[in-house]
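A quick write-up on the structure given underneath.
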Amino acid sequence: MTGNEDVLRLIIIEESQNDAEAIANILRNAGHVVRYHYADSLEATAEGLEQQLPDLIILAQTQEAVTMNGLRELLDQHCPETPVIFIGDTAEETQIIAALETGAADLVTYDQPDHLRLVVAREQANLLMRRELQHFRICHEESEKRCRSLLDSSRDAIAYVHDGMHIYANQSYLEMFGFDDLEEIEGHPIMDMVAPDDTTRFKEFLRNYNKQEQKVDNLEVQCISVPRGNFKAVMEFCQASIEGEVCTQIVIRDQASGDPELAQKLQFLSKQDILTGLYNRQYFLEEVELAASDAQAGSAETYLLYVLLDNFKGVKDTVGLVGSDIVIKDIADLIRDKLGEQGLAARFGDNSFTLLLRQGDLNAAQALAEALRHAIEEHIFDIEGRTLTITSSIGISPVTENVPDAHEAISRADLACEVARSAGGNRVHLHNPVTDEQLGREREQQWKQAINDALEQNRFSLMYQPIVSLQGDPAERYEILLRMRDGDGEEVPPGQFLPVARQTGQIVDIDRWVIGEAVTRLAERRREGHDTIFFVKLSGPTLEDPELPLWINEQLKNAHLPGSAMVFEIAEKEAADHLKHTKAFTKSMESIHCKTSLEHFGGGPNSFQLLKHLAVNFLKIDGAYIHNLASDENNQAMVRSILDMAASMQKECIAEFVEDASSLTVLFQLGIPFIQGYFLQEPHPGMDYDFTEESI
Numbered sequence: 000m001t002g003n004e005d006v007l008r009l010i011i012i013e014e015s016q017n018d019a020e021a022i023a024n025i026l027r028n029a030g031h032v033v034r035y036h037y038a039d040s041l042e043a044t045a046e047g048l049e050q051q052l053p054d055l056i057i058l059a060q061t062q063e064a065v066t067m068n069g070l071r072e073l074l075d076q077h078c079p080e081t082p083v084i085f086i087g088d089t090a091e092e093t094q095i096i097a098a099l100e101t102g103a104a105d106l107v108t109y110d111q112p113d114h115l116r117l118v119v120a121r122e123q124a125n126l127l128m129r130r131e132l133q134h135f136r137i138c139h140e141e142s143e144k145r146c147r148s149l150l151d152s153s154r155d156a157i158a159y160v161h162d163g164m165h166i167y168a169n170q171s172y173l174e175m176f177g178f179d180d181l182e183e184i185e186g187h188p189i190m191d192m193v194a195p196d197d198t199t200r201f202k203e204f205l206r207n208y209n210k211q212e213q214k215v216d217n218l219e220v221q222c223i224s225v226p227r228g229n230f231k232a233v234m235e236f237c238q239a240s241i242e243g244e245v246c247t248q249i250v251i252r253d254q255a256s257g258d259p260e261l262a263q264k265l266q267f268l269s270k271q272d273i274l275t276g277l278y279n280r281q282y283f284l285e286e287v288e289l290a291a292s293d294a295q296a297g298s299a300e301t302y303l304l305y306v307l308l309d310n311f312k313g314v315k316d317t318v319g320l321v322g323s324d325i326v327i328k329d330i331a332d333l334i335r336d337k338l339g340e341q342g343l344a345a346r347f348g349d350n351s352f353t354l355l356l357r358q359g360d361l362n363a364a365q366a367l368a369e370a371l372r373h374a375i376e377e378h379i380f381d382i383e384g385r386t387l388t389i390t391s392s393i394g395i396s397p398v399t400e401n402v403p404d405a406h407e408a409i410s411r412a413d414l415a416c417e418v419a420r421s422a423g424g425n426r427v428h429l430h431n432p433v434t435d436e437q438l439g440r441e442r443e444q445q446w447k448q449a450i451n452d453a454l455e456q457n458r459f460s461l462m463y464q465p466i467v468s469l470q471g472d473p474a475e476r477y478e479i480l481l482r483m484r485d486g487d488g489e490e491v492p493p494g495q496f497l498p499v500a501r502q503t504g505q506i507v508d509i510d511r512w513v514i515g516e517a518v519t520r521l522a523e524r525r526r527e528g529h530d531t532i533f534f535v536k537l538s539g540p541t542l543e544d545p546e547l548p549l550w551i552n553e554q555l556k557n558a559h560l561p562g563s564a565m566v567f568e569i570a571e572k573e574a575a576d577h578l579k580h581t582k583a584f585t586k587s588m589e590s591i592h593c594k595t596s597l598e599h600f601g602g603g604p605n606s607f608q609l610l611k612h613l614a615v616n617f618l619k620i621d622g623a624y625i626h627n628l629a630s631d632e633n634n635q636a637m638v639r640s641i642l643d644m645a646a647s648m649q650k651e652c653i654a655e656f657v658e659d660a661s662s663l664t665v666l667f668q669l670g671i672p673f674i675q676g677y678f679l680q681e682p683h684p685g686m687d688y689d690f691t692e693e694s695i
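Under numbering that gives the first Met the number 0, the final residue of the sequence shown carries the number 695; numbering is consecutive throughout.
What follows is the structure in C-alpha cells.
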C-alpha cells in the first residue's frame, strides 16, 4: 500500500455523489479511514488517478458512462494492478461470473455491506502483497542492473567463474585477454589466462581457496593474453552470484595500463556540457532512469522540468553563434541560481534545459518553474554592446511509479512544454495525461504525414559544409546535411522533424533518400572534373537493415562512382547503442572501399573502448572539446590525447564546430588533419568553397 496502510484510497464511480458517500460510510463503519474521489465519467476518473493512485476502484454496474473496457484502458496507463469491484442491486452466480470475466475482482451488492467489507479487506491484503512483491522485484532487478552497469564500466578486468569456467566477463576483461565479445569467452577455462610457469601454483591456490570459509583472497600471478603476451597481475577472488548462480568473482587489477588522471578527467567530462557547466543529456537521462526506478520501488516522487527557449532561432539570427552561446550560458547561470541544492540540471538540447527536482512537492515544482520563467523573462542579455530579452516555455511532469523509464518521463515533460509553447510561450504547464497525450499523438501524426508528404513531393534538400585539410590535401570534402520544407515552402529545422522520424521509423526512408540523392549529386560533380568526397550521416535504425550495404553498392555501381568517394558517418552514441550492426556495417563498407567515420567522438564514457570493435577511418572529435579551445587547457589536453591515440591506430581526425580563428590556430599547432565549422563556411546549398591553402 502507498503511504499509511490504515488509509483506504478509493475511486468510487457512481451515478450520484450521495450513492458514493453511502458506500464510503459502509467502509468507515468497518473501521477504515476512507479517502475517496467521486467520478461519474472516464474524464473524472482520469483526474482522480492524477491526484492519487487508488488502492481500489468501486464501479456501479448501472453507471453507463464508464464501461469496464474503457476503465481498463485508463488503468493500464496509470496503475494496471488496481483491483476493480463491481457493485449492483443483485449478485447472482451468472452475474458474478460475467463480472469476473471482464476483469473485475468481484461483484457485491448494496444490501450486503458485510460482503463489501470482506471483499475490500481481501483485495487490500492482495494488493499489499502484490505491491511488496513488485517492490522487492524492482529492487532486485535494479540492484542487478546497477551491479552490471558498474561491472561493464569498470576499468578493472572482472570475470565470474563457475567450476573453473567463465560465465561472464566485463569489457575490460575481454580486451585484456583479446576476446571480441562475451560469447567467445563463455565456457572458457580460467586456467588458460594464467602463464604456464604459474599454473601449478594457481591450481594449488584454487584448491585452498575453495576450502576456506573466508571467501576473499588475493594472488599475484603471471597472466597471458594474445594482445599483451605475459604480464604481472593481482587476482582478487571473492564469492558472488550472477543471475542466481553461485560463482567466484575474479578482479584483475591492471595497474600498468592507462593514465588514471586522464581517465578521471574523461569520466568528469563525459557527464558535463562543456559550454554551460551543467550536466549533459546522457548523464541526465541516467539520473532520470534511476529516479523512475526509485519511484517504482515506492520512493518519493520527483519532478521533471523541461525548459525551452522561445524563438531561439531569432536570437541566433540576430547575434550569431557566439552571441547565442552567451545567451545559453546566462540561462544556465539563472537555472543554477534558482535550483540551488534542490536537484540537478542539464543542457538537454541546443536551446532546451531539463531539471530534476529531488526535494519538495508539486507546489515546489510549480513555484520553481514560475520563478525560473520570470527570471528568464526579466533578464537582459548584454552581447557585445547589444541587449536583448527572451522568454521560455516550461513543462512539468511528476516522475511517479507509473513512469516506466527516463524516455517516457522526458516525453511527458516535453509534451507539457509543447502545450505551453503552442499557447503562446512564456508560460508554465503541468502535464495532463489525457489532454497532453492526445495532443502528442495528434502532433506526431501531423509530423508523420508532413514527412511522408516531403518524401513523396521531393521537399527534402541537401546542404553542403566543407571539411578542409590543414595538411595540404586538395580533395574537396563536404558533409551532407538535410533540410525539409513544409507545404508553404518554409524551411523546417532538422531538430523538429528528425526526432519524430526516429520514433515513427521514417528515419530509415529518409536516410535512403539522402544516400540516393547524395550519390546522384556526387556523380554529377565528378563528371564536371571535381575530386569530391561526400560524408553522409546514418542513423542507428538504418544500420539494422542487413540489405543496406548491398543497396549502397548497387547505387555506387549504377552511378559509376568509386567507393572511396563516400564516407559514412555514425554518431558515437548510435554506434554504441547498435554496436553489433555498426561493426557489421563498417566491415561491409571496407569490402566495397567506402570509408567510415565516428561522429562526436569523445562525448561518451567508453569512446576509446569502442574503437576496439569498429574499424572506422575517421574520428570527428566532439565539438564540445573544440569550443573555447584556445583558452581551455582541459579541452586542449583532451584533443591532444585523441590525436595521439588516433595516430597510433592510423586513423585521421576531424575537428567539428570550428568557429573562430584562435581555435583554428591551436588545432593547426596540434597537427589535426581536417577541420569543419562555421568559421570556414555555414551549410550551403551549393558546393562553392575554395579548398586551396590560401583560403584558410
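C-beta atoms are modelled at their ideal positions from N, C-alpha and C, and glycine is treated no differently.
message: Using the three-state DSSP reduction, which class does asparagine 362 fall into: helix, strand or coil?
response: On the sequence shown, position 363 is the one that residue 362 refers to. In the three-state DSSP reduction, asparagine 362 falls in the helix class (H, G or I).
query: Alpha carbon to alpha carbon, how far is glutamate 523 from glutamine 456?
result: Position 524 of the sequence shown, counted from the first residue, corresponds to residue 523. Position 457 of the sequence shown, counted from the first residue, corresponds to residue 456. Spanning the two alpha carbons is a distance of roughly 22 Å.
query: Looking only at DSSP bridge pairs, what is leucine 356 linked to?
result: Mapped onto the sequence shown, residue 356 falls at position 357. DSSP output for leucine 356 lists Tyr302, Gly342 as bridge partner(s).
task: Would you kindly check if the distance between the Cβ of lysine 315 and the Cβ of leucine 371 is under 8 Å?
output: The residue given as residue 371 occupies position 372 in the sequence shown. The residue given as residue 315 occupies position 316 in the sequence shown. Contact: no.
- prompt: Relative to the alpha-carbon of glutamate 571, which residue among Arg130, Met686, Phe600, Glu553 has its alpha-carbon at the smallest distance?
  reply: Start at 1 with the first residue of the sequence shown, and residue 571 comes out as number 572. Answer by Cα proximity: Phe600.
Chain-order list of residues whose beta-carbon lies under 8 Å from that of methionine 462 (same chain, five-residue window excluded): Within the sequence shown, residue 462 is the residue found at index 463, counting from 1. Spatial neighbours of methionine 462 in its own chain (CB-CB distance under 8 Å, excluding positions within 5 residues in sequence) are listed in chain order as Ile479, Leu480, Leu481, Arg482, Pro682, His683, Pro684.
task: Counting only runs of 4+ residues fully inside the region 190-234, write out the alpha helix (DSSP H) ranges in chain order.
output: 198-210
Contained beta strand (DSSP E) runs [length at least 3] in the region 3-88, N- to C-terminal order: 6-12, 32-38, 55-59, 83-87
query: Which of the three DSSP states, helix, strand or coil, is assigned to serine 396?
result: As a working note, residue 396 is residue 397 in the sequence shown. DSSP places serine 396 in strand when its eight states are reduced to three.
Whether serine 698 touches aspartate 332 by CB criterion (8 Å): The requested residue 698 does not occur in the structure, where the chain is confined to residues 0 to 695.
message: Let's test the definition: count the other Cβ atoms within 10 Å of the Cβ of phenylalanine 176 and tell me whether it reaches 16, buried, or not, exposed.
response: Along the sequence shown, read from residue 1 onward, the residue named residue 176 stands at position 177. So phenylalanine 176 counts as buried.
field: With 16 other Cβ atoms within 10 Å as the buried cut-off, status of threonine 713
entry: The structure shown does not extend to residue 713, since the chain spans only 0 to 695, so no value can be given for it.
message: Once DSSP output is grouped into helix, strand and coil, what is the label at serine 460?
response: Position 461 of the sequence shown, counted from the first residue, corresponds to residue 460. Correct three-state label for serine 460: strand.
message: Pull the bridge partners of valine 566 from the DSSP assignment, please.
response: Position 567 of the sequence shown, counting from 1, holds the residue named residue 566. DSSP output for valine 566 lists Phe534, Lys594 as bridge partner(s).
message: Let me make sure I understand the geometry here. Which of Leu126, Arg458, Ile569 has the alpha-carbon closest to that of aspartate 487?
response: The residue you call residue 487 lines up with position 488 of the sequence shown. Selected option, being the one with the closest Cα: Arg458.
task: Could you tell me which of Ala90, Glu632, Arg335, Gly102 sits nearest to isoleucine 56, measuring between CA atoms?
output: Position 57 of the sequence shown, counting from 1, holds the residue named residue 56. Of the candidates Ala90, Glu632, Arg335, Gly102, the one whose C-alpha sits nearest the C-alpha of isoleucine 56 is Gly102.
query: Straight-line CA distance for tyrosine 677 to asparagine 279?
result: Here residue 677 is taken as the residue at index 678 of the sequence shown, counted from 1. Here residue 279 is taken as the residue at index 280 of the sequence shown, counted from 1. The alpha-carbon atoms of tyrosine 677 and asparagine 279 are separated by roughly 23 Å.
query: Where do the ends of the beta strand (DSSP E) carrying isoleucine 157 lie?
result: What you label residue 157 is simply residue 158 of the sequence shown in a count that begins at 1. Looking at the DSSP string, the run of the beta strand (DSSP E) that includes isoleucine 157 is 156-161.
- request: List the whole-angstrom C-beta distance separating leucine 52 from leucine 26, where the pair is believed to meet the contact cut-off of C-beta under 8 Å.
  value: The residue you call residue 52 lines up with position 53 of the sequence shown. The residue you call residue 26 lines up with position 27 of the sequence shown. Between leucine 26 and leucine 52 the Cβ distance is about 18 Å, and since that is not below 8 Å, they are no contact.
- prompt: Can you tell me whether DSSP reads serine 468 as helix, strand or coil?
  reply: As a first step, residue 468 is located in the sequence shown; it is residue number 469 there, counting from the start. In this structure, DSSP gives serine 468 an extended state, which the three-state scheme calls strand.
Candidates Lys586, Tyr302, His134, Glu183: closest to glutamine 295 by CA position: Along the sequence shown, one-based indexing puts residue 295 at 296. When each option's Cα is compared against that of glutamine 295, the closest is His134.
task: Can you give me the start and stop residues for the beta strand (DSSP E) that serine 427 sits inside?
output: Against the sequence shown, residue 427 aligns to sequence position 428. Contrary to the premise, residue 427 reads as valine rather than serine in this sequence. Taken as a continuous stretch (DSSP letters only), the beta strand (DSSP E) holding valine 427 covers 426-429.
query: Name the DSSP bridge partner or partners of valine 491?
result: Reading the sequence shown from its first residue, position 492 is the one you call residue 491. DSSP, once it has assigned bridges, lists Met483 as partnering valine 491.
Closest Cα partner of alanine 558 within the set Gly515, Asp576, Arg484, Leu597: Residue 558 sits at position 559 when you count from the first residue of the sequence shown. Minimum Cα distance to alanine 558 is reached at Gly515.
field: Paired residues, beta bridge with proline 432 - DSSP
entry: Start at 1 with the first residue of the sequence shown, and residue 432 comes out as number 433. DSSP output for proline 432 lists no bridge partner at all.
Cβ neighbours of glycine 603 in the same chain (closer than 8 Å, five flanking residues each side left out): Position 604 of the sequence shown, counted from the start, is the residue given in the question as residue 603. Cβ within range, chain order: Ser269, Gln281, Glu571, Lys572, Ala575, Leu609.
query: Hey, would you say alanine 419 sits closer than 8 Å to glycine 394, going by beta carbons?
result: Here residue 419 refers to the residue found at position 420 of the sequence shown. Here residue 394 refers to the residue found at position 395 of the sequence shown. Contact: yes.
task: Determine the direct distance from the alpha carbon of arginine 411 to that of glutamine 437, and round the result to whole angstroms.
output: Counting from 1 along the sequence shown, the entry for residue 437 is found at position 438. Counting from 1 along the sequence shown, the entry for residue 411 is found at position 412. Near 12 Å, if we compare the C-alpha coordinates of arginine 411 and glutamine 437.
message: Once the 5 residues before and after phenylalanine 201 are set aside, which same chain residues still bring their CB inside 8 Å of it?
response: Indexing the sequence shown from 1 puts residue 201 at position 202. Around phenylalanine 201: Met190, Val193, Leu218, Val220.
- prompt: Out of curiosity, what's the CA-to-CA distance linking proline 259 and histidine 373?
  reply: As a working mapping, residue 259 is identified with position 260 in the sequence shown. As a working mapping, residue 373 is identified with position 374 in the sequence shown. Note that proline 259 has pLDDT 49, beneath the 50 cutoff, so the model's placement of it is unreliable and the number below is only indicative. Near 44 Å, if we compare the C-alpha coordinates of histidine 373 and proline 259.
- prompt: DSSP three-state call for isoleucine 625: helix, strand or coil?
  reply: Taking the sequence shown and counting its residues from 1, one reaches residue 625 at position 626. Isoleucine 625 carries a coil assignment under DSSP once its states are collapsed to helix, strand and coil.
field: Span separating the alpha-carbon of glutamate 20 from that of isoleucine 12
entry: For the purposes of this step, residue 20 is identified with residue 21 of the sequence shown, where counting begins at 1. For the purposes of this step, residue 12 is identified with residue 13 of the sequence shown, where counting begins at 1. Taking the straight line from one Cα to the other gives about 11 Å.
message: Less than 8 Å between the C-beta atoms of valine 83 and leucine 58, yes or no?
response: Taking the sequence shown and counting its residues from 1, the one referred to as residue 83 is at position 84. Taking the sequence shown and counting its residues from 1, the one referred to as residue 58 is at position 59. A contact, by the Cβ cut-off of 8 Å.
- prompt: Whose CA, out of Gly322, Phe352, Pro540, lies closest to the CA of leucine 307?
  reply: By one-based count along the sequence shown, residue 307 stands at place 308. With respect to the C-alpha of leucine 307, the residue from Gly322, Phe352, Pro540 having the closest C-alpha is Phe352.
task: Using 10 angstroms around the beta-carbon of leucine 9, count the other beta-carbons present and answer buried if the total reaches 16, otherwise exposed.
output: In the sequence shown, the residue the question calls residue 9 occupies position 10. Buried, because 16 or more other Cβ atoms sit within 10 Å of the Cβ of leucine 9.
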